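Novice:
Residue numbers (the working numbering), protein chains in the order written: chain A, 904 to 1094; chain B, 904 to 1094.
So this is what it looks like as structure tokens:
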């Protein structure tokens, strides 16, 4: 049983030990190695993932075959192909561990059953999606508002640990830069 | 009382007439003229808006003073500055009617009270945010995946009514084009 997830849930809902055990029975805990795939494009999108420890990323393959990272999830963030998960379709993304990670996963059927049995979990997931949507809303604004250099500066100032933890080539991909361009910005800021 | 909102709610939850009246008491119905502001940047972000009829948009002012549209809401979509609404802070966006619209609004306190009194509304708002987040997730992918011309084509193919309904200068702003560039693409596609 996971103490980390219980503490995280308690930020949003009141839950006693017995109820938590029943809630947790709907989840599986999995260990993933660095660069191990949790989900692949074209695969039936059956799971919603929660990062307990580590970091995972979502990417798709461009026409050129290059991996384009669109999202990272650090500790206590959820990740899946939300559209495909709801509709129970094939995933249009890959999800892969950036570092060795401990991940909880819940299947679509289990999540439905969990929400039916414990309606207070609707409140929890409402808050999860509300915050995820708020973050996406801000991110879309930044894409209009900032130049590429400003985008990097924004990330560096607001999420310094994130910048240090993510390998530079993935960070460059996420920011829409070439790795060379990211080095250039970094050198310019240092000098 | 609004029949439109009841029908919309029934897509997600079972609700009888008496309960609906109690739910609806938490909302206000407002009529807005074309170009009338529902929310202004710097103003306390107190409302979540639901479009019954019409179309509203969200924008911010760039350093140059130009309005940058980041989002549209047509019938049955919700809109606010999600981040500021949750935290009860000043809005960082304007929300304005694109055409004459009928809008429901619920204040932050009323939404909290509604969710407390009718926990089944947690399920409704979970679904609202889940779908909004899924749409944002796909939109962020498109921004990486498509050229500007492809982005326009994608919108024109998937949302033809949207393209016809939104004034061309707003559509250009939303797509990150100049109006001239949008005309150029349109002419090129016609020829």
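Just so it is clear, CB atoms sit at the ideal spot from N, CA and C, and this is done for glycine as well. All figures in this text were calculated on a predicted structure; none of them were measured in a lab.
Ignore the nearest five residues each way along the sequence and tell me which others in residue 979 (chain B)'s own chain have a CB closer than 6 Å to its CB.
Specialist: Residue 979 (chain B) sits at position 76 when you count from the first residue of the second chain. Answer for residue 979 (chain B): 911, listed in chain order.
Novice: Under 8 Å by Cβ, that's how I've got residue 995 (chain A) and residue 984 (chain A) pegged, so tell me the actual separation to the nearest angstrom.
Specialist: Numbered from its first residue, the first chain carries residue 995 (chain A) at position 92. Numbered from its first residue, the first chain carries residue 984 (chain A) at position 81. Yes, they are in contact, since the Cβ atoms of residue 995 (chain A) and residue 984 (chain A) sit about 6 Å apart, within 8 Å.
Novice: Can you tell me whether residue 1067 (chain A) is buried or exposed, with buried defined as 16 or more other CB within 10 angstroms of its CB?
Specialist: Taking the first chain and counting its residues from 1, one reaches residue 1067 (chain A) at position 164. The residue in question, residue 1067 (chain A), is exposed, as its Cβ has fewer than 16 Cβ neighbours within 10 Å.
Novice: Relative to chain B, which residues along the region 1029-1040 of chain A have a C-beta separation below 9 Å, given in chain order?
Specialist: Taking 9 Å as the Cβ-Cβ cut-off against chain B, the residues of the region 1029-1040 of chain A that qualify are 1029, 1030, 1031, 1032, 1033, 1034, 1035, 1036, 1037, 1038, 1039, 1040.
Novice: Look at residue 1047 (chain B) and residue 1079 (chain A) and say whether their C-beta atoms are less than 8 Å apart.
Specialist: For the purposes of this step, residue 1047 (chain B) is identified with residue 144 of the second chain, where counting begins at 1. For the purposes of this step, residue 1079 (chain A) is identified with residue 176 of the first chain, where counting begins at 1. Going by C-beta atoms, residue 1047 (chain B) is nearer than 8 Å to residue 1079 (chain A).
Novice: Within 10 angstroms of its Cβ, does residue 965 (chain B) collect 16 or more other Cβ (buried), or is it exposed?
Specialist: Taking the first residue of the second chain as position 1, residue 965 (chain B) is located at position 62. That one is exposed.
Novice: Closer than 8 Å by beta-carbon distance: list the chain B residues that pair up with residue 911 (chain A), in chain order.
Specialist: Reading the first chain from its first residue, position 8 is the one you call residue 911 (chain A). Those within 8 Å of residue 911 (chain A) in chain B number zero; the least Cβ separation is about 17 Å.
Novice: Run the CB neighbour count on residue 1050 (chain B), radius 10 Å, all protein chains shown included, and call it buried at 16 or more, exposed below.
Specialist: As a position in the second chain, residue 1050 (chain B) is number 147, starting the count at 1. When all chains shown are included, residue 1050 (chain B) counts as exposed.
Novice: Do residue 1008 (chain B) and residue 933 (chain B) have their beta-carbon atoms positioned less than 8 Å apart in this structure?
Specialist: Numbered from its first residue, the second chain carries residue 933 (chain B) at position 30. Numbered from its first residue, the second chain carries residue 1008 (chain B) at position 105. Taking 8 Å as the Cβ cut-off, residue 933 (chain B) and residue 1008 (chain B) qualify as a contacting pair.
Novice: Roughly how many angstroms separate the alpha carbons of residue 972 (chain B) and residue 922 (chain A), rounded to a whole number?
Specialist: Locating residue 972 (chain B) in the second chain gives position 69, where the first residue counts as 1. Locating residue 922 (chain A) in the first chain gives position 19, where the first residue counts as 1. Roughly 45 Å separates the two Cα atoms.
Novice: Establish whether the CB of residue 1051 (chain B) and some CB of chain A are separated by less than 8 Å.
Specialist: Locating residue 1051 (chain B) in the second chain gives position 148, where the first residue counts as 1. So, not an interface residue.
Novice: Within this structure, are the beta carbons of residue 1053 (chain B) and residue 1088 (chain B) separated by less than 8 Å?
Specialist: Here residue 1053 (chain B) refers to the residue found at position 150 when the second chain is read from its first residue. Here residue 1088 (chain B) refers to the residue found at position 185 when the second chain is read from its first residue. Against a cut-off of 8 Å, the Cβ pair of residue 1088 (chain B) and residue 1053 (chain B) comes out as no contact.
Novice: If contact means a Cβ-Cβ distance below 7 Å, which residues of the region 1058-1076 of chain A contact chain B?
Specialist: Under the 7 Å Cβ criterion, the region 1058-1076 of chain A contributes no residue.
Novice: Measuring only the C-alpha atoms, how far is residue 1010 (chain B) from residue 1057 (chain A)?
Specialist: If you number the second chain from 1, residue 1010 (chain B) lands on position 107. If you number the first chain from 1, residue 1057 (chain A) lands on position 154. Distance between the alpha carbons of residue 1010 (chain B) and residue 1057 (chain A): 31 Å.
Novice: Got a sec: is the Cβ-Cβ distance from residue 878 (chain A) to anything in chain B below 8 Å?
Specialist: For residue 878 (chain A) there is no data in the structure shown, the boundaries of chain A being 904 and 1094.
Novice: The beta strand (DSSP E) spanning residue 1091 (chain B) covers which residue range?
Specialist: Taking the second chain and counting its residues from 1, one reaches residue 1091 (chain B) at position 188. Looking at the DSSP string, residue 1091 (chain B) is not in any beta strand (DSSP E); the run it does join, the alpha helix (DSSP H), is 1082-1093.
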